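Input: a single structure, listed below in structure tokens.
Protein chains in written order, with my numbering: chain A, 1 to 444; chain B, 1001 to 1438.
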């Protein structure tokens, strides 16, 4: 047998397996979706509750609420709750962002009814004990200080502000004063107001019978009722063209730069083309920009671009951390590759590569219980129904070079983006100012 | 309502494994699972940080980068292109005792994936230009993960220097910039010749494939690779610590102090039962709000912002051989509280050693770990990596599937014995203090 010298071709692709889900809307308005996936004897649960609010102080309150939700109920203290979860082989975490509160759990499948019972207890009788609120408030201040000592976090905050000034989306971390001013009474009031089932979504995926999972949810959560007031969402301001904002991080050995601009959501007919344009530009390692600044020039370890989705808006983002001394050359290459996307065609080979990548990674993202639960929750939570998972690959298959050129000209053009750079201002401002218009700030 | 009235158990995991060894010594593990819509390929080489030469710190990791830079039949960038344009993803990583490469692909790309792995096992294409480029990329990786980040590389870069005395165990596995700059193409050829022999590797294939067809493909692509001698692995053992070691490290970017305690622990290869008792101990110390250290240091005393106890360098308790360690790390706002934090950790270890566990505590730790393992193995790529890793390090790919059962055999006495051995004289403590800003 001699060594092969040609790369083997692909054999015939398998047909994707159809996803079969069961669902029920409970009397409370909670939508419950269950999917059987018996790969391991476990179950994944995602409860997603709309949590948007433009009220002052909401960012600090929702963050602290998410950190104290598991610290006590009418019947059990923090330790007892953790023991109850542990006995089910379960882990439960609470996450929050500007749009929603999510209670995510995984546990042993046979413990699902008891796990949902714990959900019900938390949802209906979380007590936010004074001592726990005080302790978590202090630790939250320390964690915020730790976060803000990272260049990437500072850059992310500044970019969010540029993309949505004056809007809740414009902030990612609360101020120290806001956290300090948050009280137990405010957390209880926020819980009472927004932690309501009407309009919320519960997804259950795992080694379970969907019928029994739906029945278990209906039985466990019967006592959780009510409707949250409709949020008053202020309109998002348009993204205003602005100079590159340089934030000083004296002595920094790297510059963290981030760009952002508008994108389109998953239901927009331009989305498949934009998703593929993003991949060709910088969304995977075989992309133009990553090959340029990583594999050719060695400027950066993990440059990446992405389409990010929120309930009210989608964005195209670009991020890289580069050595201080190559900041300006890296910026030049970035603008060059963006400009090249916006002004010239991609090749059929480039398009075919990202098409296969997008279809393949979509299948992989739903190949585990946890991945499927998170994907389904993410889609249904923003009003995208599950047939999207079947239809999106077909839409990707139809995208043409011309479609990519059209969305690139609109969304990937350097002029469509706003940017920030966090680094050693004394070293980088001069060189950057030779390439782009720069605005300096001593911090925000 | 929470109730411990019914004790849950987790059904045993059953995955069917097949083993083969090619004539050139490559060990192959096949784990077919037709439920999964993908196939995962993992290649583990028996070489890591511990084997890199003096004066070449960081070389094993740099070499991992070079393995993606083209090979006998592939130009630079082609490896990435072939995996991604087939709809797959890939990565690699370097650990103390192994370096791994893996990809997960749609099932119809299996043979292509095997070809890509075989081609670089046969002959990576290492040029001056690619070496210089990847030295730059690795330096950026170190800047972003260590130099430009508060607590960068903490504690895995600081603790070994303090608690070990020999170069293989103590040195910086990411590498110094001077050593990286000094790396040559000749170094890479020699490293490849020494450690990347087929007989020094394990290949696993997991997911949607037919085992007979897959084995034919493996023979076709890997069997022609020339047989080379499997290097003899040196003994990296060091004597246990007999007196406490302390050091203080200044971190200019850190906003609050942190500390890391390292304890040498049993060789997992010599006394696996005792090692597993240590794994459970770490779980009981810091997993979740009911854990010993969380209740004492975070909730009750309010001494620390967070606390974590884990085995091994990167948090996987079963990814390195002897010597390995138990780490306890914490961040805390008051630098004056260092001794109080250490005393509170000691008090919990003494309490465990003297009084043992509370009713249900040991079982809970077992079932949490068993659930964690199940969740990990649901992912076909993780599963393939675990099978290859356990085959390489322990000569037994299915050991991961038996772990839940073995953990459930650990007794309160086992746990008390390992807790009793974690004394102040057997530990090393790295204290991180915020820099000039304070």
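We treat Cβ as the ideally placed atom computed from N, Cα and C, and that holds for glycine. Everything numeric in this text was worked out from a predicted model, so none of it was measured.
- Residue 1065 (chain B) does not reach chain A, its nearest Cβ partner there being about 10 Å away, counting only Cβ pairs nearer than 9 Å.
- A check of alpha carbon separations from residue 335 (chain A) across A:392, A:370 and A:282 identifies A:282 as the nearest.
- Contact check for residue 1171 (chain B) and residue 14 (chain A): beta-carbon distance about 47 Å, past the 8 Å limit, so the pair fails to qualify.
- In this structure, DSSP gives residue 162 (chain A) a helical state, which the three-state scheme calls helix.
- Taking residue 205 (chain A) as the centre and dropping the five residues before and after it, the same chain places the C-beta of 35, 37, 44, 369, 372 and 373 closer than 6 Å to its C-beta, in chain order.
- In this chain, the beta strand (DSSP E) harbouring residue 203 (chain A) covers 201-206.
- Of all C-beta pairs linking the region 286-299 of chain A to the region 387-399 of chain A, fewer than three are shorter than 8 Å, placing the two stretches out of contact.
- Rounded to whole angstroms, the gap between the alpha carbons of residue 1341 (chain B) and residue 1158 (chain B) is 19 Å.
- Counting only unbroken stretches of 3 or more residues, the beta strand (DSSP E) elements lying wholly within the region 6-94 of chain A are 21-25, 31-36 and 42-50, in sequence order.
- Beta-bridge analysis with DSSP links residue 102 (chain A) to A:48 and A:95.
- Residue 88 (chain A) has a beta carbon lying within less than 8 Å of a beta carbon in chain B.
- The C-alpha of residue 1406 (chain B) is placed about 38 Å away from the C-alpha of residue 218 (chain A).
- For residue 1281 (chain B) and residue 1420 (chain B), the gap between their C-alpha atoms comes out near 11 Å.
- For the region 145-169 of chain A, the beta-carbon criterion of a distance under 8 Å to any beta-carbon of chain B is satisfied by 145, 146, 148, 149, 150 and 151.
- Within chain A, 145, 146 and 149 have C-beta atoms less than 7 Å from the C-beta of residue 1255 (chain B), given in sequence order.
- Against chain B, the CB of residue 7 (chain A) has a partner CB under 8 Å away; the residue lies at that interface.
- Taking residue 163 (chain A) as reference, the option from A:207, A:285 and A:235 with the minimal CA-CA separation is A:235.
- Between residue 1163 (chain B) and residue 1095 (chain B), the C-beta spacing is not below 8 Å.
- When C-beta distances to chain A are compared with 8 Å, the residues of the region 1293-1308 of chain B below that value are 1295, 1298, 1299, 1302, 1305 and 1306, in chain order.
- Excluding the 5 residues flanking it on each side, residue 1236 (chain B) has same chain C-beta neighbours closer than 8 Å at 1050, 1166, 1168, 1169, 1321, 1322 and 1323, in chain order.
- Contact annotation: the region 255-272 of chain A touches the region 151-165 of chain A, with at least three C-beta pairs closer than 8 Å.
- Closer than 8 Å to the CB of residue 1398 (chain B) there is not a single CB belonging to chain A.
- Of all residues in the region 304-332 of chain A, only 321, 322 and 323 come within less than 8 Å of chain B when Cβ atoms are compared, listed by chain position.
- Taking C-beta separations shorter than 6 Å and ignoring five residues to either side along the sequence, the partners of residue 1118 (chain B) in its chain run 1221 and 1222, following chain order.
- Separation of residue 226 (chain A) and residue 1380 (chain B) (C-alpha to C-alpha, rounded to the nearest whole angstrom) is 41 Å.
- Annotation: residue 1204 (chain B) to residue 1392 (chain B) spans about 11 Å, alpha carbon to alpha carbon.
- By the Cβ neighbour-count rule, residue 267 (chain A) is exposed, with fewer than 16 other Cβ atoms within 10 Å of its own.
- Counting of Cβ neighbours within 10 angstroms places residue 212 (chain A) among the exposed residues, the total staying below 16.
- A check of alpha carbon separations from residue 1138 (chain B) across B:1214, B:1059 and B:1285 identifies B:1059 as the nearest.
- Around the Cβ of residue 27 (chain A), a 10 Å sphere holds fewer than 16 other Cβ atoms; the residue is exposed.
- A residue is called buried once 16 or more other Cβ atoms fall within 10 Å of its Cβ, and residue 39 (chain A) is buried on that count.
- In the three-state DSSP reduction, residue 402 (chain A) falls in the helix class (H, G or I).
- Taking a cut-off of 8 Å for Cβ pairs, the region 1303-1318 of chain B and the region 101-113 of chain A do not touch, as fewer than three such pairs fall below it.
- By the rule that beta-carbons nearer than 8 Å mark a contact, residue 1088 (chain B) touches chain A.
- Residues of the region 275-290 of chain A with a C-beta less than 7 Å from any C-beta of chain B: 284, 285 and 286, listed in chain order.
- Excluding sequence positions up to five before and after residue 31 (chain A), its CB lies within less than 6 Å of the CB of 25 and 201, all in the same chain and listed in chain order.
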